[in-house]
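First the structure, in the form of structure tokens, and then the observations on it.
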Amino acid sequence: MTIGRIVIDGIRPSTPAGYPAKAVVGEAVRVSADIFKDGHDVLSAQVRWRLSANDKWAVAPMRELGNDRWEAVVEPSTLGAHEFVVESWTDLYATWRHKATTKLAAGHDIGVELEEGARLFEARVATAARPDRGRYGAVAAALRDGSTPVAQRMAPALAHEAADLVAGPAGSSDLTASGPHPLRVDRERALVAAWYELFPRSHGGLRGAAARLPAVAEMGFDIVYIPPVHPIGRQFRRGPNNVAVAGPDDVGSPWAIGGPEGGHTAIHPDLGTFDDFAALVSAAEELGMEIALDYALQCSPDHPWVTEHPGWFNHRPDGTIAYAENPPKKYQDIYPINFWPADEADRKALWEACREIVTFWIGKGVRVFRVDNPHTKPIAFWEWMIPAVQAAYPDVVFLAEAFTRPKVMAKLAEVGFTQGYTYFTWRTGRIELEEYLVELAKGPTADYMRPNFWPNTPDILAGPLRNGPPAAFRQRLVLAATMTPSYGIYSGYELCENQPASASNEEYLHSEKYELKDRDYADPASLAPLITLLNGARRRHPALQRLRNITFHGADNPDVIVYSKHTDDRADIVLTVVNLDPHVTAVATLDLDLAVLGIPWDQPYEAFDELSFQTFTWQGRHPYVRLDPFEAAHVLHLRTHR
0 MTIGRIVIDG
10 IRPSTPAGYP
20 AKAVVGEAVR
30 VSADIFKDGH
40 DVLSAQVRWR
50 LSANDKWAVA
60 PMRELGNDRW
70 EAVVEPSTLG
80 AHEFVVESWT
90 DLYATWRHKA
100 TTKLAAGHDI
110 GVELEEGARL
120 FEARVATAAR
130 PDRGRYGAVA
140 AALRDGSTPV
150 AQRMAPALAH
160 EAADLVAGPA
170 GSSDLTASGP
180 HPLRVDRERA
190 LVAAWYELFP
200 RSHGGLRGAA
210 ARLPAVAEMG
220 FDIVYIPPVH
230 PIGRQFRRGP
240 NNVAVAGPDD
250 VGSPWAIGGP
260 EGGHTAIHPD
270 LGTFDDFAAL
280 VSAAEELGME
290 IALDYALQCS
300 PDHPWVTEHP
310 GWFNHRPDGT
320 IAYAENPPKK
330 YQDIYPINFW
340 PADEADRKAL
350 WEACREIVTF
360 WIGKGVRVFR
370 VDNPHTKPIA
380 FWEWMIPAVQ
390 AAYPDVVFLA
400 EAFTRPKVMA
410 KLAEVGFTQG
420 YTYFTWRTGR
430 IELEEYLVEL
440 AKGPTADYMR
450 PNFWPNTPDI
460 LAGPLRNGPP
470 AAFRQRLVLA
480 ATMTPSYGIY
490 SGYELCENQP
500 ASASNEEYLH
510 SEKYELKDRD
520 YADPASLAPL
530 ITLLNGARRR
540 HPALQRLRNI
550 TFHGADNPDV
560 IVYSKHTDDR
570 ADIVLTVVNL
580 DPHVTAVATL
590 DLDLAVLGIP
600 WDQPYEAFDE
610 LSFQTFTWQG
620 RHPYVRLDPF
630 EAAHVLHLRT
640 HR
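Here numbering that gives the first Met the number 0 is used: the first residue of the sequence shown is 0, the next is one more, and so on.
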């Protein structure tokens, strides 16, 4: 890398390996950099950005934050692959002004500085628009008018109008630009969404699932995620509770994909037809929701690929195909795909076939894909596939279901995944939650890794939910819904299903992965009313629709966590207080950072609870709260009388 006269370093947003950082349409993107040079000249800087190489540049001025850190806010308005460049130059006018006014205040003779200023304005005449040329000349003439006092000679040059005339890099010999930095701009739903997962087969198929959608929409969800809808293999089919031998009527796991009826581009006949699938997609759209489809790149022993493309699988020395294993667990009903076969032509054909699965379902109206176990496939495949799909369909969203090592999760996000599952499921204490959210919202990965918080999944019943009371489900729901812009729950959560498979197994007892579930969604104890209130608050409050604006506050009770979110102008401020112990009533005196909240210390302010509809009047930084286990949390809209 070559350093110019001006150093431009530490540019954000960025990724470690130069892949695109992420934003959404209308999001205020803070572009920042370290900018400095030798000497005492005054610098200026700006950000230029555009959609593509053929588009016109937009420009935003940067301001210095201190310690040579500069920042600008840009708001992309179009989907797609953008680029931005940071530029800096010696601000000749600001440098002259600082020198001349400092010397004048010290009583020094500034005759030379007056002539320097006159020449600075004169130099712009040649490139100025004709109506402005006289204005430059007038300022220069005033600076040279020796018949008037120095302060009067300086006045026209110090006016805001004069500064505007010479703004920008024109005339500077040291204009320095960074290299282009890529920025992927997605639609709003890539950042903000409430997900709800359901199994169509437990509702009688695709038509039955469509009948369930109005109730899901009423709770305020944006995306309905359904597991694989494809034929399920018969060989080695798993029975209830994942037993190795299935009975003749057992439904098997939807993730054991493929049968005589077809593979990843077929629908299980028990679920319905493509017309039924189209009706489901249409019903969701009419309710303002979307259908997300599971994208699971694995096969049952009955998948057509097994016989048509044997080179796409790993073979053991005895000639059999290797099935999935996670010792001591064995999954004979699933064959992992070998994404790097020895034959290069085989590899290319496989990768193209996998991409065609996505484009096939895009053609059926799907624009959101939850990707199963992406960390078990080569990163290089995702690096190739996701940009290829989004180049043709820029509104497609990919959610990575990757409960794996941190660096692998981060790399999946870096190479293109729109969102990712996280460790939230296992973060339960106050300190670990605070540390994790600061990492996600403020750390380097915040430029490209969008978290999606799930308290539960069909595979995972963890933490306080295991045999936990309804208060545990309320607590975790509030945390997930208010800490991040995207969160999701797996159906049954609202009914507080809490039985684990065993003391050591995080899966559910009688998991819906292997059998049908008949639930009483009309149960009066359902959390549906609370979910509706939370999702309504998320939609009303812009502060809850962003991640990087989270701030943690203090409380004298370690089981009480307190955090706020606010818009840049403080027009919307939401403070959330959660009792992390689902078994006892928590009382606490809070320690709020009023400066962050933009609230005067000596004036009362209102705290309206979005969950209980109570209004509390507080003053100062140390309000008192009391939360019983059933209440679990306050989600408070803070309002001042300014």
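Ideal Cβ placement from N, Cα and C applies to all residues, glycine included.
Item: Out of 358, 519, 152, 542, point me to the one whose CA is closest to residue 483's CA.; Value: 542
Item: Let me know if residue 583 comes out buried or exposed under the rule of 16 or more other beta-carbons within 10 Å of its beta-carbon.; Value: exposed
Item: Give a yes or no on whether the C-beta atoms belonging to residue 192 and residue 485 are separated by under 7 Å.; Value: yes
Item: Quick one: which unbroken beta strand (DSSP E) runs of 3-plus residues sit fully inside the stretch 78-129? Chain order, please.; Value: 79-89
Item: Nearest CA to the CA of residue 26: which residue from 58, 499, 225, 75?; Value: 75
Item: Evaluate residue 12 with the Cβ neighbour count: other Cβ atoms within 10 Å of its Cβ, from every protein chain shown; 16 or more gives buried, anything less gives exposed.; Value: buried
Item: Determine, using beta carbons only, whether residue 689 and residue 506 come nearer to each other than 7 Å.; Value: Limits of the chain in this structure are 0 at one end and 641 at the other, which puts residue 689 out of reach.
Item: Looking only at C-alpha atoms, which of 606, 78, 48, 586 sits nearest to residue 59?; Value: 48
Item: Output yes or no for whether 7 Å exceeds the beta carbon distance between residue 257 and residue 204.; Value: no
Item: Look up residue 560 in the DSSP assignment and say whether it is helix, strand or coil.; Value: strand
Item: Would you identify the three-state DSSP class for residue 16, choosing helix, strand or coil?; Value: coil
Item: Return the chain-ordered list of same chain residues with a C-beta closer than 6 Å to the C-beta of residue 364, the five sequence neighbours on each side being excluded.; Value: 280
Item: Determine the extent of the beta strand (DSSP E) in which residue 371 is found, giving its start and end residues.; Value: 367-371
Item: Which two residues bound the contiguous beta strand (DSSP E) that contains residue 582?; Value: Unbroken run through residue 582: none, as it is neither H nor E.
Item: Count the other CB atoms, across all protein chains shown, that sit within 10 Å of the CB of residue 612; report buried if there are 16 or more and exposed otherwise.; Value: exposed
Item: The beta strand (DSSP E) spanning residue 511 covers which residue range?; Value: Where residue 511 is concerned, there is no enclosing beta strand (DSSP E), given that its DSSP letter is neither H nor E.
Item: What is the DSSP secondary structure of residue 630, counted as helix, strand or coil?; Value: coil
Item: Comparing alpha-carbon positions, which option in 53, 87, 368 lies nearest residue 63?; Value: 87
Item: On the DSSP bridge assignment, give the partners of residue 635 in chain order.; Value: 574, 608
Item: Along the beta strand (DSSP E) that carries residue 534, what are the first and last residues, could you check?; Value: Segment 527-539 is the alpha helix (DSSP H) holding residue 534; no beta strand (DSSP E) there.
Item: For the alpha helix (DSSP H) holding residue 198, just list the boundary residues, first then last.; Value: That residue, residue 198, is in no alpha helix (DSSP H); it is neither H nor E in DSSP.
Item: Would residue 603 pass as a contact of residue 616 if the rule is Cβ separation under 7 Å?; Value: yes
Item: Extract the residue ranges of the alpha helix (DSSP H) inside the stretch 325-374, only unbroken runs of 4 or more that lie entirely within it.; Value: 343-361
Item: Distance check for residue 304 and residue 353, CA to CA, integer angstroms please.; Value: 11 Å
Item: What does the Cβ neighbour count give for residue 111, buried or exposed, with the cut at 16 atoms within 10 Å?; Value: exposed
Item: Could you tell me the alpha carbon to alpha carbon distance between residue 618 and residue 605, rounded to whole angstroms?; Value: 9 Å
Item: Just mark residue 430 as buried or exposed, buried being the case when its beta carbon has 16 or more other beta carbons within 10 Å.; Value: exposed
Item: So within the stretch 21-65, which uninterrupted beta strand (DSSP E) runs reach at least 3 residues, ignoring any that extend past its ends?; Value: 28-35, 42-49, 57-60, 62-65
Item: So, at 8 Å on beta carbons, what are the nonlocal neighbours of residue 439 in its own chain, with the 5 sequence-adjacent residues on each side left out?; Value: 421, 445, 448, 450, 483, 546
Item: Less than 7 Å between the beta carbons of residue 142 and residue 152, yes or no?; Value: yes
Item: Measure the CB-CB distance between residue 176 and residue 116 and report whether it falls below 7 Å.; Value: no
Item: Take residue 77 and list the residues in its own chain whose beta-carbon comes closer than 6 Å to its own, dropping the five residues that flank it on each side.; Value: 50
Item: Check residue 489 in the structure and name its three-state DSSP category.; Value: strand
Item: Output yes or no for whether 7 Å exceeds the beta carbon distance between residue 532 and residue 610.; Value: yes
Item: Can at least three beta-carbon pairs, one atom from the stretch 225-241 and one from the stretch 399-419, be found at a separation below 8 Å?; Value: no
Item: Is residue 262 buried or exposed, if buried means 16 or more other CB atoms sit within 10 Å of its CB?; Value: buried
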